[in-house]
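In UniProt numbering, the protein residues as written are 1 to 167.
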């Protein structure tokens, strides 16, 4: 492939318009990556604030983080485990599905199940936010690399790097 007034990248010569297009795509990657990172941070803070607003404190019988307010993914996961242990203790080791329909403990176990599901939803939300931030970082890096490749012309092997003489 050849082009007039182009810069060479390896054996391929790019026109000014092609270089400009690659730089524009790189810019879109950088901007998109930054937006993903910002949205991920906003989501993380939002979920954390909502958990903190619930004033959930990990009980003293928890093996980890006893007395800590739930506001992050690890706290939420631990609290869900504590709720499960308490529900199983109250039901004699039976899950909601294993209890008789007229068992008075069934409502307590059902509410514990709902609370655990809500806490696990926040754990997943934190994971999605972290994933989005990671993808954003990758977008920024790829976009930056494209912009650098398109803006710094490489010389093809065997080509002289001396400018042509003027008459």
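Built from N, CA and C at the ideal position, the CB exists for glycine as well.
For residue 57, which of helix, strand or coil comes out of DSSP?
-> The residue labelled residue 57 in the question sits at position 57 within the chain shown. In the structure shown, residue 57 sits in a strand (DSSP, three-state: E or B).
List the residues that DSSP assigns as beta-bridge partners of residue 69.
-> Looking up residue 69 in the chain shown gives position 69. BP columns for residue 69 point to 57.
May I ask which residues mark the beginning and end of the alpha helix (DSSP H) holding residue 107?
-> Taking the first residue of the chain shown as 1, we reach residue 107 at position 107. Residue 107 -> alpha helix (DSSP H) spans 106 to 151.
Is it a yes or a no for the segment 136 to 149 touching the segment 22 to 30, going by three-plus beta-carbon pairs under 8 angstroms?
-> yes
Can the beta-carbon of residue 70 be found closer than 8 angstroms to that of residue 90?
-> Counting from one through the chain shown, the residue named residue 70 turns up at place 70. Counting from one through the chain shown, the residue named residue 90 turns up at place 90. In this structure, residue 90 does not lie closer than 8 angstroms to residue 70 by Cβ.
Rounded to whole angstroms, what's the CA-CA distance from residue 119 to residue 54? Just pull it up for me.
-> As a working mapping, residue 119 is identified with position 119 in the chain shown. As a working mapping, residue 54 is identified with position 54 in the chain shown. Going from the Cα of residue 119 to the Cα of residue 54 covers about 11 angstroms.
Can you tell me which of the three DSSP states residue 92 falls into?
-> Within the chain shown, the letter at position 92 stands for residue 92. Correct three-state label for residue 92: coil.
Out of 73, 44, 46 and 47, point me to the one whose CA is closest to residue 58's CA.
-> Start at 1 with the first residue of the chain shown, and residue 58 comes out as number 58. The candidate whose alpha carbon is nearest that of residue 58 is 73.
Exposed or buried, what is residue 126 when buried is set at 16 or more other beta-carbons lying within 10 Å of its beta-carbon?
-> Position 126 of the chain shown holds residue 126. Buried.
Since I believe residue 23 is in contact with residue 151 (beta carbons under 8 angstroms), could you give me their beta-carbon distance rounded to a whole number of angstroms?
-> For the purposes of this step, residue 151 is taken as residue 151 along the chain shown, with counting starting at 1. For the purposes of this step, residue 23 is taken as residue 23 along the chain shown, with counting starting at 1. Yes, they are in contact, since the Cβ atoms of residue 151 and residue 23 sit about 6 angstroms apart, within 8 angstroms.
In its own chain, which residues sit with a C-beta less than 8 angstroms from the C-beta of residue 77, not counting the 5 before and 5 after it?
-> The sequence position of residue 77 within the chain shown is 77, counting from 1. The residues are 119, 120 and 123.
Under a Cβ-count criterion, where at least 16 other Cβ atoms within 10 Å of its own Cβ denotes burial, should residue 33 be classed as buried or exposed?
-> The count along the chain shown starts at 1 and reaches residue 33 at position 33. By the neighbour-count rule (16 or more Cβ atoms within 10 Å), residue 33 is buried.
Measure the C-alpha to C-alpha separation of residue 62 and residue 107 and round it to an integer number of angstroms.
-> Taking the chain shown and counting its residues from 1, one reaches residue 62 at position 62. Taking the chain shown and counting its residues from 1, one reaches residue 107 at position 107. Near 23 angstroms, if we compare the C-alpha coordinates of residue 107 and residue 62.
Output the distance between the C-alpha atoms of residue 101 and residue 116, rounded to the nearest integer angstrom.
-> The residue labelled residue 101 in the question sits at position 101 within the chain shown. The residue labelled residue 116 in the question sits at position 116 within the chain shown. Cα to Cα, the separation comes out at about 21 angstroms.
Same chain, Cβ closer than 7 angstroms to residue 158, five either side skipped, listed in chain order = Looking up residue 158 in the chain shown gives position 158. Legend: pLDDT at residue 158 = 49, less than 50; position of this residue unreliable, value from coordinates given subsequently. Within the same chain, residue 158 has no close Cβ partners at all.
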